[in-house]
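Enquirer:
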Amino acid sequence: MSGTPAVPFFSAPGAAFGVDLGDCLQRVVDSGWYVLGPQVRDFEAAFARYVGVGYAVGVANGTDALALALRALGVGPGQRVVTVANAGCYASTAIAQLGAEPCYVDVEPERLTLAPGALAEVLRAMPVAAVVATHLYGQMADIGAIAALCRQAGVPLIEDCAQAHGARRDGGSAGAWGAIGCFSFYPTKNLGALGDGGAMVTDDAALAERLRALRQYGWGRKYEVTLAGGVNSRLDELQAAVLLAKLPRLDAANAERRAIAACYAAAFADLPLTCPPPPGDDDVVHLYVVRTPRRAALQAHLTAQGIACDVHYPVPDHHQPVHAGRPVPDLPVTQAACAEVLSLPCYPGLTPAQAGQVIQAVRGFFGEGGPC
Ligand SMILES: *Cc1c(COP(=O)(O)O)cnc(C)c1O
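For the sequence shown, the working numbering begins at 220 and goes up steadily by one.
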């Protein structure tokens with residue numbers, strides 16, 4: 220099917236937040252300052268406050284945030300970093316940048332996030348330099364248990380929060396549990412820029428200082444390189460201005476995502492389809508991901524009906540072509556999920572009529588009638 224689908228997969232980053240982005244971009248254009256200036260400083264302060272930590276450091280994208288976090292924690296070549304294999308290979312890319320080795324552990328069957336039991340086994344069995352726990356699809360991993368295991372083992376924890384802006388668990392925000400929390404502001408994320416952007420958050424002043432140096436050539440001061448391993452990964456003023464303007468509306472946008480997910484959960488309850496647990500107040504529903512062994516057929520059916528959908532993610536990290544020839548870990552839950560997951564449209568700005576079309580099309584596939 221060609222042309223724009225009746226129900227697209229994402230909304231425009233500004234529209235659904237009710238923010239006039241043209242206006243805030245023009246102010247930056249007129250200001251004469253374009254990289255690491257007042258907008259970045261103000262956004263960093265506002266975002267740190269939002270997450271509930273002391274410091275935020277803006278960078279160019281979420282993958283750089285993960286790589287710089289690993290570097291700031293002293294991870295180096297040949298060291299082992301534990302992570303999951305079902306989260307789009309971003310952490311693996313960051314780990315590879317450092318010459319470190321990914322050690323994949325399996326995920327929990329319901330949330331599809333890092334399984335604490337599997338993590339405990341690995342931490343018992345071998346030396347580990349860091350753990351990257353990914354909060355997936357807007358649901359947080361069992362982060363209290365994971366943080367406790369890391370603490371006991373003396374291993375630093377990094378949270379990948381790229382799909383969890385504003386998510387909470389047991390009273391703590393995504394990003395506030397580990398030594399460093401890493402965010403992406405890619406346009407489709409819950410808090411999205413008009414291009415690439417990212418941030419690292421931490422409560423540790425010395426770590427924040429190191430992250431600030433690493434994002435800009437390793438500079439301690441201008442033109443003085445004090446830290447090895449620095450890169451150029453700066454957040455620009457245009458993106459920071461957009462993020463600063465959108466941040467006050469993030470919770471409302473997340474509530475809209477939850478409402479759509481709740482509507483889907485009710486409408487699909489009687490279908491032979493595995494749905495995510497109905498969203499609680501602490502979830503932020505980055506993606507609404509269903510599971511079915513008939514994924515290919517359901518995806519084709521929805522596409523033919525003008526409903527955009529996608530698979531997050533079709534290839535687990537350990538089966539990526541770049542890993543060919545390496546020993547293959549046994550990750551049955553990860554493996555099964557990758558074969559069955561399908562993401563349905565779910566974002567602020569999706570109209571009730573569009574949600575109704577999605578529901579009708581999904582129910583139609585299973586030979587059931589329209590929405591109740
Ligand atoms: C999007 C994403 C990233 C990477 O962010 P970029 O800004 O695209 O580099 C990392 N981890 C997860 C889980 C993501 O969804």
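Using N, Cα and C, we set each Cβ at its ideal position, and we do this for glycine too.
Source: prediction; values computed, not measured.
What would DSSP say about L333, mapped onto helix, strand or coil?
Expert: If DSSP states are grouped into helix, strand and coil, L333 belongs with the strands.
Enquirer: With distances taken Cα to Cα, identify the nearest neighbour of A386 among Y323, D470 and G437.
Expert: Among Y323, D470 and G437, the Cα nearest to that of A386 is on D470.
Enquirer: Report yes if the C-beta of D379 is less than 8 Å from at least one heavy atom of ligand 2; otherwise report no.
Expert: Among the ligands in the structure shown, ligand 2 does not appear; only ligand 1 can be found there.
Enquirer: Is it right to say S392 is buried, meaning 16 or more other beta carbons lie within 10 angstroms of its own, or is it exposed?
Expert: Buried.
Enquirer: Going residue by residue through the stretch 352-397, where are the continuous beta strand (DSSP E) segments of at least 3 residues, counting only ones entirely within it?
Expert: Whole beta strand (DSSP E) segments, 3+ residues: 376-379.
Enquirer: Could you tell me the distance, in whole angstroms, from the CA atom of G400 to the CA atom of G586?
Expert: When rounded, the distance between both Cα atoms is 44 Å.
Enquirer: Within a Cβ cutoff of 7 Å, which residues of the same chain sit near C380, ignoring the five residues on either side of it in sequence?
Expert: Excluding positions up to five away in sequence, the list reads H354, A393, G394, G400, C401 and F402.
Enquirer: Confirm the yes/no value for this check: CB of F229, any heavy atom of ligand 1, distance under 8 Å.
Expert: Checking every heavy atom of ligand 1 against the Cβ of F229, none is found closer than 8 Å.
Enquirer: Classify F229 as helix, strand or coil using the three-state DSSP reduction.
Expert: Correct three-state label for F229: coil.
Enquirer: Applying the 10 Å Cβ sphere with the 16-neighbour rule, what's the burial state of T553?
Expert: So T553 ends up on the buried side.
Enquirer: Please report how far the alpha carbon of M220 lies from the alpha carbon of A572, in whole angstroms.
Expert: With a pLDDT of 44 at M220, under the threshold of 50, the predicted position of this residue should be treated as unreliable, though the coordinate-derived value follows. Taking the straight line from one Cα to the other gives about 21 Å.
Enquirer: Can you give me the C-alpha to C-alpha distance between V461 and A284, rounded to a whole angstrom?
Expert: For V461 and A284, the distance between alpha carbons rounds to 19 Å.
Enquirer: Under 6 Å Cβ to Cβ from V254, same chain only, skipping five residues before and after it: list those, please.
Expert: Closer than 6 Å at the Cβ level, and outside the excluded window around V254, lie R453 and D455.
Enquirer: CA-CA distance, A580 and H520?
Expert: Computed Cα separation, rounded: 8 Å.
Enquirer: Following the continuous beta strand (DSSP E) through R299, name the residue where it begins and the one where it ends.
Expert: First-last of the beta strand (DSSP E) with R299: R299 to T302.
Enquirer: Any heavy atom of ligand 1 within a distance shorter than 8 Å of the CB on F404?
Expert: At least one heavy atom of ligand 1 is nearer than 8 Å to the Cβ of F404, so yes.
Enquirer: Assign V617 to buried or exposed, taking buried as 16 or more other Cβ atoms, counted over all protein chains shown, within 10 Å of its Cβ.
Expert: As displayed, the chain neither begins before 220 nor continues past 591, which places residue 617 out of reach and without an answer.
Enquirer: Please classify Q371 as buried or exposed, where buried requires at least 16 other C-beta atoms within 10 Å of its C-beta.
Expert: Flag for Q371 reads exposed.
Enquirer: Between Q316 and L457, what straight-line distance do the alpha-carbon atoms span, to the nearest angstrom?
Expert: Whole-angstrom Cα-Cα distance: 27 Å.
Enquirer: How would you label C591, buried or exposed, when you count the other beta carbons within 10 angstroms and need 16 or more for buried?
Expert: Note that C591 has pLDDT 48, beneath the 50 cutoff, so the model's placement of it is unreliable and the number below is only indicative. Exposed, since its Cβ has fewer than 16 Cβ neighbours within 10 Å.
Enquirer: Using three-state DSSP, classify C322 as helix, strand or coil.
Expert: C322 falls in the strand class under three-state DSSP.
Enquirer: Go ahead and pull the three-state DSSP assignment for N451.
Expert: N451: strand per DSSP, three-state reduction.
Enquirer: State yes or no: is the C-beta of L466 within less than 9 Å of the C-beta of L413?
Expert: No, these two residues do not count as a Cβ contact at 9 Å.
Enquirer: Could you tell me the boundaries of the beta strand (DSSP E) in which V401 lies?
Expert: Note that residue 401 is Cys in the sequence shown, not Val. That run of the beta strand (DSSP E) goes I399 to S403.
Enquirer: Going by beta carbon distance, what residues of the same chain come within less than 7 Å of E475, once the five residues before and after it are set aside?
Expert: So the qualifying residues of the chain are P567.
Enquirer: Taking all protein chains shown into account, decide if G373 is buried (16 or more other Cβ within 10 angstroms of its Cβ) or exposed.
Expert: Flag for G373 reads exposed.
Enquirer: For V530 versus H537, is the C-beta spacing smaller than 9 Å?
Expert: Their beta carbons are not under 9 Å apart, which means V530 does not touch H537 by this criterion.
Enquirer: I believe G277 touches V259 by the beta-carbon criterion, under 8 Å. Please report the beta-carbon distance rounded to the nearest angstrom.
Expert: With a Cβ gap of about 5 Å, G277 and V259 count as contacting.
Enquirer: List the residues that DSSP assigns as beta-bridge partners of Y507.
Expert: DSSP, once it has assigned bridges, lists L563 as partnering Y507.
Enquirer: Taking only the alpha-carbon atoms, compute the straight-line gap between D423 and L433 and give it to the nearest angstrom.
Expert: Going from the Cα of D423 to the Cα of L433 covers about 15 Å.
Enquirer: My assumption, with CB atoms under 8 Å, is that V503 sits in contact with G357. Please give the rounded CB distance.
Expert: Going by Cβ atoms, the distance from V503 to G357 rounds to 4 Å, so yes, they are a contact pair.
Enquirer: To the nearest angstrom, how far is it from the Cα of I526 to the Cα of T570?
Expert: If you take the alpha carbons of I526 and T570, they lie about 13 Å apart.
Enquirer: CB of T553 to nearest heavy atom of ligand 1: below 8 Å?
Expert: Not so, every heavy atom of ligand 1 lies at least 8 Å from the Cβ.
Enquirer: Compute the beta-carbon to beta-carbon distance between A349 and V300, rounded to the nearest angstrom, for a pair I have assumed lies under 8 Å.
Expert: So it is a contact: roughly 5 Å between Cβ atoms.
Enquirer: Along the chain, which unbroken stretches of the beta strand (DSSP E) at least 3 residues long are found entirely within the stretch 524-590?
Expert: If we require 3 residues or more, the beta strand (DSSP E) runs fully inside the stretch 524-590 come out as 560-563.
Enquirer: Between R477, D325 and R431, which lies nearest to D501 when the distance is taken from Cα to Cα?
Expert: The candidate whose alpha carbon is nearest that of D501 is R477.
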